[in-house]
Each structure stands twice: as structure tokens, then as C-alpha cells.
Ligand SMILES: CC(C)(COP(=O)(O)OP(=O)(O)OC[C@H]1O[C@@H](n2cnc3c(N)ncnc32)[C@H](O)[C@@H]1OP(=O)(O)O)[C@@H](O)C(=O)NCCC(=O)NCCS
């Protein structure tokens, strides 16, 4: 017999985490992990909006590019009709009549609530930040930057940080910091792009489940239960700042040797 979960259970779980009025909450999630959700995906969004009321916002990644050949062409992405491939909650949010969605083929964000329109506006504006998809995906005008600037909550319902999209923002920041210390950033970036396409990959991918464990041990990542699921959360600034500190303190433990070789070659 599955546990039944309603919007008030969602609200109470997020409040136990520390979410409060006016907060912005981005989450990744598995619908079935909670048990049986009365009212379906809408109850999850409404519960988070209740926890953040008044003035709150709930957001999710709304990713269309799934790595397939067919979706490699960004011109085929239509912000109004291209589905999100990352589960019932994300696709349910996209289809909710209250929802706004940012316009980016690979790393769009969707949101409902007070700051939804502001969060999703002008994804490709502002200065760039390196990423293997496009330098605007996690750029300075993107929702990912706003989640950092606004110190939103970054949460996981029944899934781990393995699916954490913000890890690519962190990777981009690690690259940007190296380029800032390089004598010739254009040449250094070209070299990295070549590295990215040949295994072993030169991009600074790191094990985000291991990072979750480290952040849990330090008390930065906290958990509670939501029905039969574990609900985990951390503030976005804490996630990004701690991750960069932890990785930069011990790069050999976290990053591939090819990336470290690239760092050394372009900064010496
Ligand atoms: C892959 C993933 C979505 C699978 O989770 P899931 O719970 O099996 O699937 P969904 O969230 O899509 O929900 C659909 C499931 O909920 C069930 N469901 C439908 N209505 C429901 C309700 N009211 N209450 C509970 N479950 C319900 C469906 O039957 C389906 O289960 P089934 O596949 O066993 O039939 C999840 O593990 C995950 O990784 N989510 C995060 C993805 C992400 O953010 N990725 C970012 C880039 S890596």
C-alpha cells in the first residue's frame, strides 16, 4: 500500500527543510518516489507555493536536448511546444497554465509564482560562461545565474545530486576562473574545446553524488522525508561556493587529469 501525499504534506516537508515566505525553490524530482500524490504534479507545485507564500516561486529544469542526434539542432527547439524529457514533474510544470519557461534549447528553466517571469526572462542575455552546450546555457543572464544571485533553495525529491543541473554552472565557473588566469584565453578555450570532444574528456566533470555526501557530512545539505521519498536541499550560493572551494582545495581528488593538464598548460 502506497503512502498518500497531498499538497499540505509537500508544504510541511519543505517548511521542515527551512523554506519560508518569499523563497525561490528549484527542484529536481521523481513523482513516484513520494508514494501516491493526490492531485498529481499540481499538488507538488501548489505545496511548494504554499510553503513559500506569500511571494514565493517554484521552478524546475525544463530540458529538451537529450543528447540525441535529432535534437542537436537548436533551431528545432520551440519554447512553447518542445517537451521536457526529464520526467512527469518537469513536463507537468511546462504544461501548467501558470508556467513561464526560459528560451534555451538545452538548459531551459520553467517556473510558477511571483518571480517566475523575471527568472525565465532573457536566458541568453548577459556575459557568457563556458559550457559544452553553448556559452549562454549557464551565462550571466541565465536563470541559473539568477538562482545563484537570489540564493534560491536547490532541492531534490526522491533523487540525488547525480541529476543536479547546477553542476554544469560550477564546471563552467571552474573553466572561467582558469581562463581568467591564462595569457591567451582564446587559444586556451580552443584547446579545451578540442579536449572536450576526445576521451578522456577534458571538461571538469566531477562526481556530484560524492559532492552531496561531502556537503551532507558538513551539514550544508539537509534532508527530511516527503511521503516515502527523501527530500534534500541546500541554498544555491552555498552549493556553488562550497563546491568550488572543495574542488579547488583538492583538484586531483575531483577532476580528471586531462583537465588539470590543460589548466597547468594554459596558466604557466
Ligand atoms: C528519471 C525520473 C524522472 C524517474 O522518476 P519516476 O518517478 O519513475 O518518473 P516520473 O517522475 O516521470 O513520474 C512518472 C511515474 O509516476 C507515476 N505516477 C503517476 N501519477 C502519480 C501520482 N499521482 N502519484 C505518484 N506517482 C504517480 C507513473 O505511473 C510513473 O511511474 P511508472 O513509470 O512506474 O509507471 C527520476 O528518477 C529523475 O531522475 N528525476 C530528475 C530528472 C532530472 O532532473 N534530470 C536533470 C538532468 S540530468
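Numbering (my numbering), first residue to last: 457 to 724.
Note that CB positions come from ideal geometry on N, CA and C, so glycine has one too.
All values derive from a computational prediction rather than experimental measurement.
Give a single yes or no on whether residue 484 has its beta carbon closer than 8 Å to a heavy atom of ligand 1. Relative to ligand 1, the beta carbon of residue 484 is positioned inside 8 Å of a heavy atom.
So if DSSP puts residue 716 in a beta bridge, which residue, or which two residues, is it bridged to? DSSP output for residue 716 lists no bridge partner at all.
Residue from 665, 613, 636 with nearest C-alpha to residue 484: Nearest option by C-alpha distance: 613.
Which ranges does the alpha helix (DSSP H) cover as unbroken runs of at least 4 residues, wholly within the segment 551 to 638, from first to last along the chain? Segments of the alpha helix (DSSP H) lying fully in the segment 551 to 638: 572 to 576, 599 to 605, 622 to 636.
For a test of the three-state rule: what should DSSP assign to residue 519, helix, strand or coil? DSSP places residue 519 outside both helix and strand once states are collapsed to three, so it counts as coil.
Is residue 648 near ligand 1, in the sense that its beta carbon is under 8 Å from a heavy atom of that ligand? no
Would you say the segment 475 to 492 touches the segment 520 to 528, given that touching needs at least three Cβ pairs under 8 Å? no
Quick one, are the C-beta atoms of residue 599 and residue 631 less than 9 Å apart? no
Three-state secondary structure assigned by DSSP to residue 691: Strand, per DSSP.
Could you check which residue in 551, 714, 609 has the C-alpha nearest to that of residue 693? 609
Quick check on DSSP: helix, strand or coil for residue 469? helix
Given a cut-off of 9 Å on the beta-carbon distance, is the pair residue 536 and residue 557 in contact? yes
What whole-angstrom Cβ distance do residue 722 and residue 644 have, given they're in contact under 8 Å? 4 Å
Would you report the Cα separation of residue 607 and residue 706, rounded to the nearest angstrom? 25 Å
Report yes if the CB atom of residue 455 is closer than 9 Å to the CB atom of residue 465, and no otherwise. Because residue 455 is not part of the residues shown, which for the chain are 457 to 724, the question remains open.
What residues match up with residue 485 in a beta bridge as DSSP calls it? 613
For residue 617, is the classification buried or exposed, using 16 other Cβ atoms within 10 angstroms of its Cβ as the cut-off for buried? buried
Here's the rule: buried if 16 or more other CB atoms are within 10 angstroms of the residue's CB, otherwise exposed. What is residue 673? exposed
Beta carbon of residue 527 nearer than 9 Å to that of residue 501: No, the Cβ-Cβ distance between residue 527 and residue 501 is not below 9 Å.
Residue 461 by DSSP, collapsed to three states: which one? strand
Extent of the continuous beta strand (DSSP E) to which residue 681 belongs: 678 to 682
Using three-state DSSP, classify residue 642 as helix, strand or coil. helix
Indicate the three-state DSSP secondary structure (helix, strand or coil) for residue 685 in the structure shown. strand
Measure the alpha-carbon distance for residue 479 versus residue 681 and round it to whole angstroms. 20 Å
Among 475, 652, 710, which one has its Cα closest to the Cα of residue 508? 475
Mind checking residue 572: buried by the 16 CB within 10 Å criterion, or exposed? buried
Outcome for residue 650 when other beta-carbon atoms lying within 10 angstroms are tallied against a minimum of 16: Residue 650 counts as exposed, since fewer than 16 other beta carbons sit within 10 angstroms of its beta carbon.
Top-ranked residue by Cα proximity to residue 530, from 576, 590, 584, 575: 590
Give a single yes or no on whether residue 490 has its beta carbon closer than 8 Å to a heavy atom of ligand 1. yes
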